[in-house]
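Asks: Read in numbering that gives the first Met the number 0, the sequence shown has 68 at position 69, and its numbers run on one by one without any break. C-beta: ideal position from N, C-alpha, C; glycine also.
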Amino acid sequence: MSLAIGIDIGGTKVAGGLVDERGTVIARARRDTPHRSTKAAVVEDLLVSVVDELQDAAERDDLGEVSAIGIGAAGFVGADRSTVVFAPHLSWRNEPLRENLRARCAFPVFVDNDANAACWAEWRFGAVAGESHVIMVNLGTGIGGAILVDGVMQRGRYGIAGEFGHMQVVPGGIRCECGNRGCWEQYASGNALVREARSLLAAQSPMAHDIEAEIGGDLTKLTGPMITQAAAAGDATAAELLAEIGSWLGTGLANLASAFDPGAFVIGGGVSAAGEMLLKPAREAFRKQLPGRGYRPEARIVQAQLGNEAGLIGAADLARSAVEEDIA
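#1: For the alpha helix (DSSP H) that contains residue 47, what are its first and last residues?
#2: Start and end of the alpha helix (DSSP H) containing residue 63?
#3: Quick one: is residue 274 buried, meaning 16 or more other Cβ sit within 10 Å of its Cβ, or exposed?
#4: Please confirm if the segment 230 to 237 is in contact with the segment 280 to 287, defined as three or more CB-CB distances below 8 Å between the two stretches.
#5: Hey, would you say the C-beta of residue 138 is under 7 Å away from at least one heavy atom of the ligand GTP?
#6: Out of 29, 167, 72, point me to the one whose CA is closest to residue 179's CA.
#7: Assess contact between the segment 71 to 81 and the segment 299 to 318, defined as three or more Cβ pairs (one per stretch) separated by less than 8 Å. Is contact present?
#8: Reducing DSSP to helix, strand and coil, say where residue 113 ends up.
#9: Leaving out five residues on either side along the sequence, give the residues of the same chain with a beta carbon under 6 Å from the beta carbon of residue 97.
#10: What are the uninterrupted segments assigned as beta strand (DSSP E) that are 3 or more residues long and contained completely in the segment 291 to 317, given in chain order?
#11: Inspect the CB distances between the segment 124 to 134 and the segment 170 to 187 and report whether three or more fall short of 8 Å.
#12: Between the segment 254 to 267 and the segment 222 to 234, are three or more C-beta pairs nearer than 8 Å?
#13: Starting from residue 209, trace the alpha helix (DSSP H) both ways and give me its first and last residue.
#14: Tell me where the alpha helix (DSSP H) around residue 179 begins and ends.
#15: In the DSSP assignment, find the beta strand (DSSP E) that holds residue 29 and state where it starts and stops.
#16: Buried or exposed for residue 218, please, with buried defined as at least 16 other CB atoms from any protein chain shown within 10 angstroms of its CB.
#17: Whose C-alpha, out of 57, 182, 160, is nearest the C-alpha of residue 170?
#18: Quick one: Cα of residue 186 to Cα of residue 319, how far?
#19: What is the rounded straight-line gap between the Cα of residue 314 and the Cα of residue 260?
#20: In terms of DSSP beta bridges, what is residue 7 paired with?
#21: Could you pull out every residue in the same chain whose Cβ sits closer than 8 Å to the Cβ of residue 207, ignoring the five residues on either side in sequence?
#22: How is the beta strand (DSSP E) around residue 94 delimited, first residue to last?
Structure follows, in structure tokens:
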């Protein structure tokens, strides 16, 4: 069996897997990412550790031959699929990641944006299989995005296409980690969800009583999944917070529809676990703000199917495809 190693690098974790040709993950490895590590070598060491563990598993259990390593990185990746130009949630600036890893690993290495990798996985094996024009929006710590047309990832002239989270939607708005103000991800991401809940708690709003009881009054314990779980259990304030995030999501999607006219938006990332509690208000806002509404076809807005492993599945499959096309 031909296998590839896929690795998804986020702001908090490095998740890896052995992935077969059908997109099935048959072995896994995970490491925590040191928060705001100032040394790129620290994360690089974690990557090598994950690769070694997965390679050992493939050999020990006779799972098949590893052909390539694909890295999905949360950041701006150059057109060479080699260099992490800028990572807002890690301290990487013009980091030659592919070159560094190839010097330490026995396989061809390819680096891509994590949203590109997730989009590829959902198109190959998931929610938008067969769709000709796809926009992926990943709602996590921030917002990542990807564009796929007729089976080809659209990376842009410099490799940095799809950074939708840094579109300015509120001039002079909330400061973003990218350095600008009013970026979309400050209003429609996991961080935005938690920030808004904390602002209610800090204001001692009676509307947030149930959430406050859940965390014992300790704001540091509040997480996005906790808010989603509270909403699913019937907490009206948590549901309202998710609906607000969903409305901002729909606003941004309407803007993207004006620019790209896709057949489908696929919504992934940790916040997408809220499902229809997020997507219903997103669709409503999308329809209200779509230019030419009522006179044009509307893109589908669907939830991603592959969950947290979409990035590593897509990274592995993209790397395998690159080797098969003999461009390693």
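Replies: Judging by the given coordinates:
#1: Looking up residue 47 in the sequence shown gives position 48. Residue 47 -> alpha helix (DSSP H) spans 39 to 59.
#2: The residue labelled residue 63 in the question sits at position 64 within the sequence shown. Run containing residue 63: none; DSSP gives neither H nor E here.
#3: Translated into the one-based positions of the sequence shown, residue 274 becomes position 275. The residue in question, residue 274, is exposed, as its Cβ has fewer than 16 Cβ neighbours within 10 Å.
#4: no
#5: Absence of the ligand GTP from the depicted structure is noted, as is the absence of any ligand whatsoever, leaving it without description.
#6: Within the sequence shown, residue 179 is the residue found at index 180, counting from 1. The candidate whose alpha carbon is nearest that of residue 179 is 167.
#7: yes
#8: Residue mapping note: residue 113 aligns to position 114 of the sequence shown, counting from 1. Helix.
#9: Residue mapping note: residue 97 aligns to position 98 of the sequence shown, counting from 1. Within the same chain, residue 97 has close Cβ partners 81, 108, 110.
#10: 299 to 302
#11: no
#12: no
#13: One-based indexing of the sequence shown puts residue 209 at position 210. 208 to 214 is the extent of the alpha helix (DSSP H) around residue 209.
#14: The count along the sequence shown starts at 1 and reaches residue 179 at position 180. Element bounds for residue 179: n/a, residue is neither H nor E.
#15: For the purposes of this step, residue 29 is identified with residue 30 of the sequence shown, where counting begins at 1. Start and end: 24 to 31.
#16: If you number the sequence shown from 1, residue 218 lands on position 219. Classification of residue 218: exposed, given that the 10 Å Cβ count is below 16.
#17: The residue you call residue 170 lines up with position 171 of the sequence shown. Residue 182 is the option with its Cα nearest to residue 170.
#18: Within the sequence shown, residue 186 is the residue found at index 187, counting from 1. Within the sequence shown, residue 319 is the residue found at index 320, counting from 1. C-alpha separation (whole angstroms): 36 Å.
#19: Taking the first residue of the sequence shown as position 1, residue 314 is located at position 315. Taking the first residue of the sequence shown as position 1, residue 260 is located at position 261. The alpha-carbon atoms of residue 314 and residue 260 are separated by roughly 26 Å.
#20: Residue numbering aside, residue 7 sits at position 8 when the sequence shown is read from its first letter. For residue 7, which the question treats as bridged, DSSP gives the partners 14, 71.
#21: Indexing the sequence shown from 1 puts residue 207 at position 208. Taken in chain order, the residues that qualify are 196, 199, 200, 236.
#22: Working through the sequence shown from its first residue, we reach residue 94 at position 95. That run of the beta strand (DSSP E) goes 91 to 94.
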